[in-house]
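**Q** Chains Z and A, in that order, give the protein sequences. For the first sequence, counting from 1, position 208 maps to 208 in our numbering; every step adds exactly one. For the second sequence, counting from 1, position 137 maps to 137 in our numbering; every step adds exactly one. Note that the Cβ used here is the ideal one computed from N, Cα and C, for glycine as well.
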Amino acid sequence: MAVEEARGAGVGAAPRLSVGERALFAAAFVLPPRWTPRRVKTDRRYRTIDRYRFVCAFLFLPLAVYAVFVVSPFVQAFSYSLTDWTGYSADFTFVGLDNYARLADDSDFWASLGNSLTLLVLAPVATLGLGLFLAFMLKAGGRKRRNQAVSGVRGARFYTVLYFFPQVISVAIIGVVWAAVYDPITGPLNGLLEAVGLDGLTQLWLADRSLALWSVLFVLCWSFVGFYVVLFSAAMGAIPGDIYEAALLDGAGRATTFFRVTLPLIRDTVHTGWIYMGIQALDAFAIVHIMTINQGGPGNATLVTPVYLYKKAFDSGQAGYATAIGVVLLLVTMVFAAIMTLLSRRERIEY
Amino acid sequence: MGTTDVNRRELIKRATALGLVATPAMAALTSCATGGGGDNEKVAGGEKTADNPLGVNKDAPLDVVIFNGGYGDQYARDAHEIYEAAYGQVKHEKTQKIRTLLQPRIIKGDPPDVINNSGAEQMDIASLIEEGQVEPLDALLDAPTLDDPDKKVRDVLVPGTITKGQFGGEEMYQFNYSFTVYGTWYSASALERLEVEYPRTWDEMLAVCAKAKRQGIAGWTYAGKHPYYFSFTMYPFIAKIGGADVLRDIDNLEPGAWKHDAVRAAFEAYHELYAKGYVLEGTPGIDHIQSQTQWTKGNALFLPNGSWVENEAKSTTPKDFRMTVAPPTGLDSSDAMPFETVWAEASEPFMVPSQARNVAGGLEWLRIMLGKESTSNFTRLVSALTCVKGAAEGLELQSGLSSASAVLAAAGENVVTPRIHDWYLGLHKDKVGGAIAAMMSGDITPDEAVTRCQRYADEVAKDDSIRKYERS
């Protein structure tokens with residue numbers, strides 16, 4: 001097979017090989033040079049074999065690890081999703097696509113998917129938008145200084161560290177802390193509103209059907225925005241100053257500079273961040289599970305698909321059904337990544 | 001673009017192709033998560049004697065896993081000492097993550113001999129039983145007790161303990177060691193200061209709440225984040241109004257069970273608490289700890305809860321609080337069951353896995369736990385009652401626990417034990433709990449709450465993937 005590929009790589013019109021010679025070439029792929037038959041060694045195509053052999057030797061270990069720990073669980077998940085496995089023994093029966101048929105009629109599942117998709121759309125928009133704004137302010141939002149086309153606001157380094165803080169806190173702690181912040185009786189959020197005389201604005205937050213998902217969304221953004229500020233700051237830092245200078249000479253204001261210069265030049269980073277944040281939003285498991293009423297309530301107001309999966313797998317002992325939910329979640333994630341990749345197909349700007 | 005670029009890309013493409021080719025080979029690995037098992041050898045049994053009625057192997061080790069929650073694990077360590085005096089070494093393990101620790105061991109066929117299957121990571125016992133992973137405890141029930149060889153274990157248990165451990169058959173699989181009394185919890189001092197008695201009818205309840213409101217105290221608070229706490233007073237209230245059969249029909253998922261007048265009356269009564277503003281503001285958004293703290297601080301009079309609350313709220317309870325539990329207030333004089341009717345049941349589940357090496361040892365350990373020494377030790381250490389009749393007699397109990405004991409004694413035969421929370425956890429916790437929460441925060445009317453509960457119950461009844469149970 002390697003020989004076939006080597007030929008495909010366009011080495012040129014070499015004479016056709018007999019069956020025996022093909023076997024020799026195939027063997028050469030795994031043989032050390034000293035034992036390689038002269039017939040193969042002197043052939044032009046041996047060079048290609050040698051190169052692929054080199055690459056494959058290095059790729060073998062990572063690919064094997066990847067296959068065992070990433071690919072095989074996915075394949076396993078799919079096969080479990082076709083069973084009625086309870087998760088409490090090694091026995092199960094094959095039920096075909098029954099789990100998927102049940103999913104189609106499961107109103108809780110659809111509610112959870114609706115919430116997950118809402119977060120998938122809103123969380124990246126809000127987080128990346130805020131991240132871009134803050135990063136731009138840190139890099140180019142300040143007063144003009146000598147010898148510099150652009151400069152950040154005063155104390156930019158301090159802010160960068162500050163924004164990054166939530167990123168180093170465990171997500172479980174974030175859930176607990178924000179649950180306490182949203183607490184309607186002793187929570188500082190309502191306390192603050194009362195302190196400034198806005199008693200009328202105090203809310204039940206997580207217990208309010210119409211506010212609960214927004215409260216979750218806010219915490220999601222809060223916990224991730226610092227990461228994107230740092231990411232985008234780094235990307236913006238790589239933009240050469242003379243491009244900004246040129247823009248300034250042409251009379252561009254801050255907004256124009258941002259939309260015409262900065263954003264197009266860091267498009268790749270934003271795009272990567274978008275996919276990453278989308279996947280984080282599709283997860284949102286820990287925050288919803290720890291923070292919300294009845295883990296996904298009130299009603300189904302904050303039920304996201306991973307939490308529903310967890311409830312089915314562990315509260316109801318329906319691991320097979322839960323795995324089917326997981327497979328659907330995987331598909332949604334892949335479709336999302338595929339759409340994002342298609343959307344970003346454009347010429348790359350080099351600088 | 002240079003040629004090197006092309007080559008690199010080509011290489012990556014080929015590498016990906018190689019990975020895809022390798023994927024089918026991975027199918028061979030697919031049996032990983034459920035593979036293995038079956039190599040677990042049982043220890044040989046010992047000779048059955050008067051001292052060793054279950055025939056425990058005197059040298060075999062015993063493996064016990066205890067949930068390290070509100071009850072801690074000291075009570076179990078003390079029981080190990082008694083066990084070790086007669087039999088082999090006990091390997092003790094405590095955890096808060098029962099499922100994480102034990103589910104893989106059970107699937108592998110290598111479980112411990114006793115599991116204290118409790119806490120947030122409790123394994124679904126119904127599924128375990130269905131998979132044949134749980135040893136029936138009948139041998140233990142028919143064994144003589146530790147203290148009196150003439151009495152069988154089954155005869156010293158509080159009524160309801162055995163049925164609570166049965167799941168659709170005659171065998172008892174789960175042993176619930178502690179005994180919980182649910183009801184309306186209050187501070188006797190707070191009622192005294194208000195110069196009122198504990199209300200026995202709903203009109204009296206509303207009057208007490210009105211009086212409290214005038215003094216700036218809320219009538220009720222509850223664990224808004226875990227609204228199923230409401231069922232601790234709601235279910236017995238329903239039974240009180242319409243009779244225990246209403247709860248049985250609800251448990252059995254009978255069509256129209258929730259449409260019973262008693263359910264509607266109970267929902268309407270509770271909704272009135274909300275409508276009249278007797279529920280502490282913000283309650284729907286607080287968790288159980290917060291609700292207990294608000295209550296011990298004196299911001300609310302009544303709290304639906306179970307007898308563990310005394311221990312859990314210990315750190316915030318003032319000295320002169322005089323924590324007391326009472327049966328849920330009834331509706332009026334036309335109630336089908338007397339005021340003393342209460343929901344009480346055995347809780348804190350233990351099980352012996354059927355694949356355990358030392359099954360007899362596991363049963364013997366439970367028998368030791370039911371002995372006088374262990375039960376009084378448990379009550380003393382964690383201030384909770386046990387499922388052994390009269391085990392708390394003569395012990396000095398804390399205020400809340402002694403009132404729970406008194407409530408239980410006063411109830412006599414009028415103890416109701418709904419099973420919906422064991423059998424259909426999702427229905428009880430998420431669905432019914434959610435409907436009650438929505439009603440208590442004013443989102444829906446009692447009528448709508450009844451309709452929803454009925455719809456949820458019907459959905460469960462129709463769902464073939466959920467195993468059904470029935471009781472009479």
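One question on the structure: do Gly243(A) and Ala344(A) come within less than 7 Å of each other, judged by their Cβ atoms?
**A** Sequence index remark: in the second sequence, residue 243(A) carries index 243 (1-based). Sequence index remark: in the second sequence, residue 344(A) carries index 344 (1-based). Contact: no.
**Q** Which whole-angstrom value is the C-beta distance of His271(A) and Pro446(A), which I expect to be below 8 Å?
**A** Numbered from 1 along the second sequence, position 271 holds the residue referred to as residue 271(A). Numbered from 1 along the second sequence, position 446 holds the residue referred to as residue 446(A). Indeed they touch by this definition, with Cβ atoms about 5 Å apart.
**Q** Give a yes or no on whether the C-beta atoms belonging to Tyr83(A) and Ile368(A) are separated by under 7 Å.
**A** Residue mapping note: residue 83(A) aligns to position 83 of the second sequence, counting from 1. Residue mapping note: residue 368(A) aligns to position 368 of the second sequence, counting from 1. For Tyr83(A) and Ile368(A), yes; Cβs fall inside 7 Å.
**Q** Evaluate Lys259(A) with the Cβ neighbour count: other Cβ atoms within 10 Å of its Cβ, from every protein chain shown; 16 or more gives buried, anything less gives exposed.
**A** Residue 259(A) sits at position 259 when you count from the first residue of the second sequence. Lys259(A) should be labelled exposed.
**Q** Can you tell which of Ala324(Z), Leu134(Z), Ala195(Z) and Lys41(Z) has the C-alpha that lies nearest to the C-alpha of Ala77(Z)?
**A** Locating residue 77(Z) in the first sequence gives position 77, counting from the first residue. Comparing Cα-Cα distances from Ala77(Z) to each of Ala324(Z), Leu134(Z), Ala195(Z) and Lys41(Z), the minimum goes to Ala324(Z).
**Q** For Ala28(A) and Phe314(Z), what's the separation of their Cα atoms in angstroms?
**A** Start at 1 with the first residue of the second sequence, and residue 28(A) comes out as number 28. Start at 1 with the first residue of the first sequence, and residue 314(Z) comes out as number 314. Note that Ala28(A) has pLDDT 43, beneath the 50 cutoff, so the model's placement of it is unreliable and the number below is only indicative. Answer to the nearest angstrom: the Cα atoms are 27 Å apart.
**Q** Taking all protein chains shown into account, do 16 or more other C-beta atoms lie within 10 angstroms of the C-beta of Gln133(A), making it buried, or fewer, making it exposed?
**A** What you label residue 133(A) is simply residue 133 of the second sequence in a count that begins at 1. Gln133(A) is buried by the Cβ-count criterion.
**Q** Between Ile185(Z) and chain A, is any beta-carbon pair separated by less than 7 Å?
**A** Position 185 of the first sequence, counted from the first residue, corresponds to residue 185(Z). For Ile185(Z), the answer is yes, since a Cβ of chain A falls inside 7 Å of its Cβ.
**Q** Could you please tell me which residues of the stretch 438-452 of chain A, in chain order, have their CB closer than 8 Å to any CB of chain Z?
**A** Listed by position along the chain: Ala438, Ser441 and Asp443.
**Q** Flag Thr317(A) as yes if its beta-carbon sits less than 7 Å from any beta-carbon of chain Z, otherwise no.
**A** Translated into the one-based positions of the second sequence, residue 317(A) becomes position 317. Chain Z contact via Cβ: absent.
**Q** Residue range of the alpha helix (DSSP H) that Trp409(Z) falls in?
**A** Residue 409(Z) lies beyond the stretch modelled for chain Z, which goes from 1 to 351, so this question has no answer here.
**Q** For Thr86(Z) and chain A, any beta-carbon pair shorter than 7 Å?
**A** For the purposes of this step, residue 86(Z) is taken as the residue at position 86 of the first sequence. So yes, Thr86(Z) belongs to the interface.
**Q** Suppose contacts are defined by Cβ-Cβ distances below 7 Å. Is Gly183(A) in contact with Phe175(A) by that definition?
**A** By one-based count along the second sequence, residue 183(A) stands at place 183. By one-based count along the second sequence, residue 175(A) stands at place 175. Going by C-beta atoms, Gly183(A) is not nearer than 7 Å to Phe175(A).
**Q** If you run the structure through DSSP and keep just helix, strand and coil, what is Ser31(A)?
**A** Numbered from its first residue, the second sequence carries residue 31(A) at position 31. Note that Ser31(A) has pLDDT 45, beneath the 50 cutoff, so the model's placement of it is unreliable and no number is given.
**Q** The alpha helix (DSSP H) spanning Asp142(A) covers which residue range?
**A** Walking along the second sequence from the start, residue 142(A) turns up at place 142. Segment Asp138 to Asp142, the alpha helix (DSSP H) holding Asp142(A).
**Q** Which residues bound the beta strand (DSSP E) around Phe378(A)?
**A** Here residue 378(A) corresponds to residue number 378 of the second sequence, with the count starting at 1. Note, Phe378(A): premise wrong, no beta strand (DSSP E); alpha helix (DSSP H) at Lys372 to Val382.
**Q** Give every residue of the same chain whose Cβ lies closer than 7 Å to the Cβ of Glu130(A), excluding the five residues on either side of it in the sequence, and list them in chain order.
**A** The residue given as residue 130(A) occupies position 130 in the second sequence. Correct list, in chain order: Arg467.
**Q** So, is Ile238(A) buried or exposed, given that buried needs 16 or more other C-beta atoms within 10 angstroms?
**A** As a position in the second sequence, residue 238(A) is number 238, starting the count at 1. The residue is buried, with at least 16 neighbouring Cβ atoms inside 10 Å.
**Q** Where does Asn176(A) sit, in a helix, a strand or coil, going by DSSP?
**A** Against the second sequence, residue 176(A) aligns to sequence position 176. Three-state DSSP puts Asn176(A) in a strand.
**Q** Give the interface partners of Lys468(A) over in chain Z, defined as CB-CB distance under 8 Å, in chain order.
**A** Counted from its first residue, the second sequence places residue 468(A) at position 468. Simply none; closest approach about 14 Å.
**Q** Along chain C, which residues have their Cβ under 7 Å away from the Cβ of Trp205(Z)?
**A** Chain labels in this structure do not include chain C; the protein chains are Z and A.
**Q** Are the C-beta atoms of Asp315(Z) and some chain A residue less than 7 Å apart?
**A** Position 315 of the first sequence, counted from the first residue, corresponds to residue 315(Z). So yes, Asp315(Z) belongs to the interface.
**Q** According to DSSP, which residues form a beta bridge with Trp220(A)?
**A** By 1-based counting over the second sequence, the position of residue 220(A) is 220. DSSP, once it has assigned bridges, lists Val279(A) and Phe302(A) as partnering Trp220(A).
**Q** Could you tell me the alpha carbon to alpha carbon distance between Thr118(Z) and Gln280(Z), rounded to whole angstroms?
**A** The sequence position of residue 118(Z) within the first sequence is 118, counting from 1. The sequence position of residue 280(Z) within the first sequence is 280, counting from 1. In a straight line, the C-alpha of Thr118(Z) is about 13 Å away from that of Gln280(Z).
**Q** For the candidate residues Gly109(A), Glu373(A) and Ile66(A), whose alpha-carbon lies nearest to that of Gln96(A)?
**A** In the second sequence, residue 96(A) corresponds to position 96, counting from 1. Of the candidates Gly109(A), Glu373(A) and Ile66(A), the one whose C-alpha sits nearest the C-alpha of Gln96(A) is Ile66(A).
**Q** To the nearest angstrom, how far is it from the Cα of Val21(A) to the Cα of Pro73(Z)?
**A** Residue mapping note: residue 21(A) aligns to position 21 of the second sequence, counting from 1. Residue mapping note: residue 73(Z) aligns to position 73 of the first sequence, counting from 1. Here Val21(A) scores only 45 on pLDDT, less than 50, and its place in the model should not be relied on; the value that follows carries that caveat. Going by the C-alpha atoms only, they are around 16 Å apart.
**Q** Which whole-angstrom value describes the C-beta separation of Thr292(Z) and Ala212(Z), a residue pair presumed to lie in contact below a C-beta threshold of 8 Å?
**A** What you label residue 292(Z) is simply residue 292 of the first sequence in a count that begins at 1. What you label residue 212(Z) is simply residue 212 of the first sequence in a count that begins at 1. So it is a contact: roughly 6 Å between Cβ atoms.
**Q** Taking C-beta to C-beta, are Gly426(A) and Ser316(Z) nearer than 7 Å?
**A** Start at 1 with the first residue of the second sequence, and residue 426(A) comes out as number 426. Start at 1 with the first residue of the first sequence, and residue 316(Z) comes out as number 316. Contact: yes.
**Q** Taking the alpha-carbon positions, what's the Ala326(A) to Thr316(A) distance?
**A** Stepping through the second sequence from its first residue, residue 326(A) is reached at position 326. Stepping through the second sequence from its first residue, residue 316(A) is reached at position 316. Straight-line Cα distance between these residues: approximately 21 Å.
**Q** Using the Cα positions of Leu397(A) and Leu146(A), report the straight-line distance between them to the nearest angstrom.
**A** Along the second sequence, read from residue 1 onward, the residue named residue 397(A) stands at position 397. Along the second sequence, read from residue 1 onward, the residue named residue 146(A) stands at position 146. Rounded to whole angstroms, Leu397(A) to Leu146(A) spans 24 Å at the Cα level.
**Q** Can you find a C-beta in chain A that's less than 7 Å from the C-beta of Ile293(Z)?
**A** Stepping through the first sequence from its first residue, residue 293(Z) is reached at position 293. Interface residue, yes.
**Q** Can you find the residues in the same chain that come closer than 6 Å, C-beta to C-beta, to Val432(A), ignoring five residues on each side of it along the sequence?
**A** Here residue 432(A) is taken as the residue at index 432 of the second sequence, counted from 1. Here the set comprises Cys453.
**Q** Alpha carbon to alpha carbon, how far is Met323(A) from Thr86(Z)? Give it in angstroms, no decimals.
**A** Numbered from its first residue, the first sequence carries residue 86(Z) at position 86. Numbered from its first residue, the second sequence carries residue 323(A) at position 323. Thr86(Z) and Met323(A): Cα-Cα distance of roughly 42 Å.
**Q** With a cut-off of 7 Å, does the C-beta of Pro33(Z) fall near any C-beta of chain A?
**A** What you label residue 33(Z) is simply residue 33 of the first sequence in a count that begins at 1. It does not; no Cβ of chain A falls within 7 Å.
**Q** Is the beta carbon of Tyr88(Z) sitting closer than 7 Å to the one on Leu128(A)?
**A** Counting from 1 along the first sequence, the entry for residue 88(Z) is found at position 88. Counting from 1 along the second sequence, the entry for residue 128(A) is found at position 128. Yes, these two residues count as a Cβ contact at 7 Å.
**Q** Pop quiz: Pro304(A) and Tyr222(A) are said to be a contact at Cβ under 8 Å. What is the actual Cβ separation, rounded to whole angstroms?
**A** If you number the second sequence from 1, residue 304(A) lands on position 304. If you number the second sequence from 1, residue 222(A) lands on position 222. With 8 Å as the limit, Pro304(A) and Tyr222(A) qualify as a contact, their Cβ atoms being about 5 Å apart.
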